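The structure appears right after this line, and notes come after that.
Structure (structure tokens):
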């Protein structure tokens, strides 16, 4: 973080100290992790004209993930609809020459795995994992799995949070998603009368942490179950509070 971002993060944590729970090395930001999101990625391009997977590639994958992706590569490429893409993968490989190990190559300016799938565009790794029931966490680049979660080293622990209007001043995601994309703004989606009800459906919004459960479980290990239970309980309490107008303290 920049010095300014670190200052904003420190102020945020002081304001919310009573609702941030320490679990080992992690600081669980309960209110942010309960913020509603709808990662309706299949409809993103149709609604917004572009997705966050376009115009570049993710951060280089971790070293342990390189052989995992390579092992599944032939099965992933076999599902590609365009034979020219399969040939390109086979001829040139998937890694960018001259870049750090694990840097995924781009094609037409996009991540190599950003492909047309069933008439829509999305991640070929994600589509393969869902279709085959494979472990998405092991296969998909970690940087592509983070949103809307943010992991911030505060010096006193890793803040496990999500991008919200309150965290955007120091979040890696900034304000762009909040201001321009329906996935991050339930209130903005409710006002979008021009959208089909099935695109970013209002009843599809769920707490931020639910979209990243594999990551939460991997990072928190044996502490994951009690943290999930706590967040689920707080989520139910928030729903009850909003529904009947009472206040439940976090």
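Numbering (the working numbering), first residue to last: 1454 to 1703. The beta carbon of each residue, even a glycine, is placed where N, CA and C say it ideally should be. Keep in mind it's a predicted model, so treat the numbers as computed, not measured.
Alpha carbon to alpha carbon, what distance is there between residue 1658 and residue 1699?
-> Residue placement at residue 1699 is flagged as unreliable, the pLDDT there being 37, under the threshold of 50; the coordinate-derived value follows with that caveat. Their backbone Cα atoms lie some 22 Å apart in a straight line.
Could you please give me the residues that DSSP links to residue 1502 through a beta bridge?
-> DSSP output for residue 1502 lists no bridge partner at all.
Is DSSP giving residue 1592 helix, strand or coil here?
-> helix
Heavy atom of the ligand GTP within 7 Å of residue 1485 beta-carbon = The model on display carries no ligand, and the ligand GTP is accordingly not part of it.
Tell me whether residue 1656 is buried or exposed, calling it buried when 16 or more other Cβ atoms sit within 10 Å of its Cβ.
-> exposed
State the start and end residues of the unbroken beta strand (DSSP E) segment that holds residue 1669.
-> Run containing residue 1669: none in the beta strand (DSSP E); it sits in the alpha helix (DSSP H), 1666-1673.
Return the chain-ordered list of same chain residues with a C-beta closer than 8 Å to the C-beta of residue 1557, the five sequence neighbours on each side being excluded.
-> 1510, 1511, 1513, 1514, 1547, 1548, 1549, 1564, 1565, 1566 and 1594
Determine the direct distance from the alpha carbon of residue 1688 to that of residue 1695, and round the result to whole angstroms.
-> 11 Å
Roughly how many angstroms separate the alpha carbons of residue 1703 and residue 1684, rounded to a whole number?
-> With a pLDDT of only 35 at residue 1703, under 50, the local geometry of the prediction cannot be trusted, and the value read off the model is given with reservation. Taking the straight line joining both Cα atoms gives about 10 Å.
Within 10 angstroms of its Cβ, does residue 1642 collect 16 or more other Cβ (buried), or is it exposed?
-> buried
Within the stretch 1595-1681, note down every full beta strand (DSSP E) run reaching 3 residues or more, in order along the chain.
-> 1602-1606 and 1611-1615
Around the C-beta of residue 1701, are 16 or more other C-beta atoms found within 10 angstroms, so that it is buried, or is it exposed?
-> At residue 1701, the pLDDT of 35 sits below 50, so the modelled position is not reliable and the matter cannot be decided from this model.
Minimum C-alpha distance to residue 1591 - residue among 1690, 1524, 1673 and 1682 | 1524
Terminal residues of the continuous beta strand (DSSP E) containing residue 1574?
-> 1573-1576
Buried or exposed: where does residue 1542 fall if 16 or more other Cβ atoms within 10 Å of its Cβ makes it buried?
-> buried
For residue 1492, which of helix, strand or coil comes out of DSSP?
-> coil
Measure the C-alpha to C-alpha separation of residue 1576 and residue 1530 and round it to an integer number of angstroms.
-> 12 Å
Output the boundary residues of the alpha helix (DSSP H) element that contains residue 1471.
-> Premise fails: residue 1471 is in no alpha helix (DSSP H) and is neither H nor E.
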